[in-house]
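Have a look at the structure below before the remarks.
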Amino acid sequence: MGLVIISSRPPISSFLQSRSSRLSRTPPVSSRSRRWILAPGSPLSPVRHPIFRLKNFISNCSITNADIDTESIKTEDQGQGDLASLSSCCSIPVVHITQDILDAQPLNLVTEENYKTSLFTTLPVLSEEEQVALSATPAHPAGLYALYAICSTGNLVEQLWNFAWPAAVAILHPSLLPVAVLGFFTKLAICVGSPLVGDLMDSFPRIPAYYSLNIVQTIAQLLSVTMIIHALKTVPHSPASAVILQPWFIVLMLAGAIERVAGLALGVTVERDWVVLLAGANRPIALAQANAMLNRIDLLCEIAGASLFGILLSKYDPVSCLKLASGLMIFALPVLILLGQLINKLSSGVLDSFRLPQAGVNSFKADALLNPGRIVQKGLDVIKRGWLEYKQQPVLPASVAYVFLYFNVALAPGAIMTAFLTHHGISPSIIGGFSGLCAFMGVSATFMSAALVKEFGVLKAGAAGLIFQSSLLMIAVAVLLSGSVSRQNSLYVFLYLVVLSRLGHMSYDIVGTQILQTGIPTNKANLIGTTEISIASLAELVMLGVAILANDVSHFGFLATLSVSSVICATWIFCRWLANPTDEHRKLFNFDPQFGPNVR
Numbered sequence: 001m002g003l004v005i006i007s008s009r010p011p012i013s014s015f016l017q018s019r020s021s022r023l024s025r026t027p028p029v030s031s032r033s034r035r036w037i038l039a040p041g042s043p044l045s046p047v048r049h050p051i052f053r054l055k056n057f058i059s060n061c062s063i064t065n066a067d068i069d070t071e072s073i074k075t076e077d078q079g080q081g082d083l084a085s086l087s088s089c090c091s092i093p094v095v096h097i098t099q100d101i102l103d104a105q106p107l108n109l110v111t112e113e114n115y116k117t118s119l120f121t122t123l124p125v126l127s128e129e130e131q132v133a134l135s136a137t138p139a140h141p142a143g144l145y146a147l148y149a150i151c152s153t154g155n156l157v158e159q160l161w162n163f164a165w166p167a168a169v170a171i172l173h174p175s176l177l178p179v180a181v182l183g184f185f186t187k188l189a190i191c192v193g194s195p196l197v198g199d200l201m202d203s204f205p206r207i208p209a210y211y212s213l214n215i216v217q218t219i220a221q222l223l224s225v226t227m228i229i230h231a232l233k234t235v236p237h238s239p240a241s242a243v244i245l246q247p248w249f250i251v252l253m254l255a256g257a258i259e260r261v262a263g264l265a266l267g268v269t270v271e272r273d274w275v276v277l278l279a280g281a282n283r284p285i286a287l288a289q290a291n292a293m294l295n296r297i298d299l300l301c302e303i304a305g306a307s308l309f310g311i312l313l314s315k316y317d318p319v320s321c322l323k324l325a326s327g328l329m330i331f332a333l334p335v336l337i338l339l340g341q342l343i344n345k346l347s348s349g350v351l352d353s354f355r356l357p358q359a360g361v362n363s364f365k366a367d368a369l370l371n372p373g374r375i376v377q378k379g380l381d382v383i384k385r386g387w388l389e390y391k392q393q394p395v396l397p398a399s400v401a402y403v404f405l406y407f408n409v410a411l412a413p414g415a416i417m418t419a420f421l422t423h424h425g426i427s428p429s430i431i432g433g434f435s436g437l438c439a440f441m442g443v444s445a446t447f448m449s450a451a452l453v454k455e456f457g458v459l460k461a462g463a464a465g466l467i468f469q470s471s472l473l474m475i476a477v478a479v480l481l482s483g484s485v486s487r488q489n490s491l492y493v494f495l496y497l498v499v500l501s502r503l504g505h506m507s508y509d510i511v512g513t514q515i516l517q518t519g520i521p522t523n524k525a526n527l528i529g530t531t532e533i534s535i536a537s538l539a540e541l542v543m544l545g546v547a548i549l550a551n552d553v554s555h556f557g558f559l560a561t562l563s564v565s566s567v568i569c570a571t572w573i574f575c576r577w578l579a580n581p582t583d584e585h586r587k588l589f590n591f592d593p594q595f596g597p598n599v600r
């Protein structure tokens, strides 16, 4: 339907022609967004004529920003008689335009009088010092302190249990087979179950998911304690092959796997999701300091948990120690739930923020409830989707480098290094001191990483940690392969180099976490994070399998060579990614000095 405009000013067509060069650059307006001038009682339907939008008219008439059909415009020059020729059945609104309607005047928002006080010339700009101070200020500092309290409480109980169950099982049977079977099945459960749990966490609200995981973990820990106490009290001494087939051991194996998956899922949701929301993804220094504090708390809880249960075990019998540990677990659960409520209140409900849903999650939950027989198929679909999401993440090389570090099982504190040192006649006190120094280097790295991020940026800080670790481990392996470790002084040099290398390892562990926090979308953080942990556990399984095949201590040099090769590969992958950034990486890390506005 057309629009007839009666004007007392003949040059309207010339006016439209003069405006056509500017109006033609306006994108076409869809029929849904067209605005029409309606006369009372005269509804219009859209027409298929070219529409020009007239803007910025200075008038008291409500024709501003209107869509006008120029093909149906009539003026007085064309005669009033033409109007009578229009079909009487057509309802065409008539608008009378006076002479001053089409007088468009420029809008001078900034004049000479108000130039100095104009809002457009007095926009505040932060200085470099103010920008640094802002990037070092968390978005929700009170919420971060509550998060630190959650991590301190939860990690203390978890680390105590991680030390308690192997010690109790070792007391139950002198063979290493029960502990090895439990450890292997736990790693296998992490490989398979972590993507499933991460996918479900991404589909549920954060706080209810946090409550559920804490309850599941505590129940699994208490069930494991019950099975071990039952075995210590009633199970007679029997061969190791017979022990692993007992019902209580199967229940212990299942409960231990569930406990470890739930614990890792809690760690992922805190380190990859919550801390980013509380510190601020666009505040790199504050996020680096928060990551350093979380790692510091984890390391200190590891030392405190092992020391606490060791002291208890030296004074009381194993059953009493396990009962005390179970009491600590029961006491910690309501504390963790209350702190979860507190952290959300202190952060103004930021943990309730909306997360974009992922396709397929709702159907997985519905099918799982309605048809349990399809749980396995849907689980495999989730694992496949987690793998695809992991491959498509924008910071994949940084994650792959992180996974490659898990192949280093020989040049790190652990069972393989302990067996090697014991074979060379090193006293247990020195072996314990070696492990303690490695943990101390981890604590030192939490302070150093924040300083590196502040000085060089998050990306170069990660490269520095990997280069430092690989350089020292290459020297350490050279000392080992030279055969001089048969002398005690050379062996101490080898251990000293390994201890120092942990400084670079933990630095990249902290900085790499921040890189992944920045690059992974929040609605996929749990799925991708748990998939990464699953792949890292698979890497550990591969190296443990190699160690089982090469179980003689004389093959330690071969294992050490494989370990340092994995660290070198991780360094090469990360540095190559850093040297060849894409536009997407520049956009993600635009706050980093390497991709900042001053870098050309």
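For the sequence shown, position 345 matches number 345 in UniProt numbering, and the numbering has no gaps at all. Beta carbons are placed, not taken as given, at the ideal position from N, Cα and C, and that holds for glycine.
Buried or exposed (CB count within 10 angstroms, at least 16 for buried), residue 288:
buried
Within 10 Å of its beta-carbon, does residue 159 have 16 or more other beta-carbons around it, so buried, or fewer, so exposed?
buried
Please report the residue range of the alpha helix (DSSP H) in which residue 496 lies.
Here the alpha helix (DSSP H) through residue 496 covers 488 to 519.
Are residue 466 and residue 519 closer than 9 Å when you measure CB to CB?
Cβ distance not < 9 Å, so residue 466 and residue 519 don't count as in contact.
May I ask you to verify whether the segment 561 to 572 touches the segment 393 to 410, counting CB pairs closer than 8 Å and requiring at least 3?
Under the 8 Å Cβ criterion, the segment 561 to 572 counts as touching the segment 393 to 410, having at least three qualifying pairs.
Beta carbon of residue 321, beta carbon of residue 312: below 9 Å?
yes
Secondary structure of residue 425, DSSP reduced to three states
coil
Sequence-distant residues of its chain with Cβ nearer than 7 Å to residue 146 (five each side left out):
339, 342, 343, 346
I think residue 294 touches residue 151, with their Cβ atoms under 8 Å apart; what is that distance to the nearest whole Å?
Right, their Cβ atoms sit about 6 Å apart.
Between the Cα of residue 538 and those of 475, 189, 267, 310, spot the shortest distance and give me the residue it belongs to.
189
Relative to the C-alpha of residue 326, which residue among 531, 498, 161, 521 is closest?
161
Determine the direct distance from the alpha carbon of residue 516 to that of residue 399, and round the result to whole angstroms.
7 Å
For residue 166, collect the residues of the same chain with a Cβ closer than 7 Å to its Cβ; drop the 5 residues on either side in sequence, then sort them by chain order.
Once the five neighbours on either side are set aside, the close Cβ partners of residue 166 are 179.
What are the boundary residues of the alpha helix (DSSP H) that residue 291 is part of?
Residues 284 to 315.
Any idea if residue 317 is buried or exposed, counting beta-carbon neighbours within 10 angstroms, 16 or more meaning buried?
exposed
Integer-rounded CB distance, given that residue 278 should sit under 8 Å from residue 140
5 Å
Put residue 196 into one of helix, strand or coil per three-state DSSP.
helix
Distance between residue 593 and residue 430 (C-alpha atoms, nearest Å)
Going from the Cα of residue 430 to the Cα of residue 593 covers about 43 Å.
Is there contact between the segment 521 to 537 and the segment 497 to 512, where contact requires at least three CB pairs shorter than 8 Å?
no
Which of the three DSSP states is assigned to residue 397 in this structure?
In this structure, residue 397 counts as helix in the three-state DSSP scheme.
Whole-angstrom distance between residue 286 and residue 258, CA atom to CA atom:
34 Å
Counting beta carbon pairs with one atom in the segment 569 to 580 and one in the segment 459 to 478, are three or more of them shorter than 8 Å?
yes
Pair within 9 Å by beta-carbon distance, residue 506 and residue 406
no
Under 9 Å between the Cβ atoms of residue 531 and residue 386?
yes
Taking only the alpha-carbon atoms, compute the straight-line gap between residue 225 and residue 323 and give it to the nearest angstrom.
8 Å
Put residue 556 into one of helix, strand or coil per three-state DSSP.
helix
Shortest alpha-carbon distance to residue 567 belongs to which of 528, 509, 584?
Among 528, 509, 584, the Cα nearest to that of residue 567 is on 509.
Going by C-alpha distance, which of 586, 545, 261, 492 is nearest residue 193?
261
Are the Cβ atoms of residue 349 and residue 157 separated by less than 9 Å?
no
Please say whether residue 524 and residue 202 have beta carbons closer to each other than 9 Å?
Yes, these two residues count as a Cβ contact at 9 Å.
How would you label residue 552, buried or exposed, when you count the other beta carbons within 10 angstroms and need 16 or more for buried?
exposed
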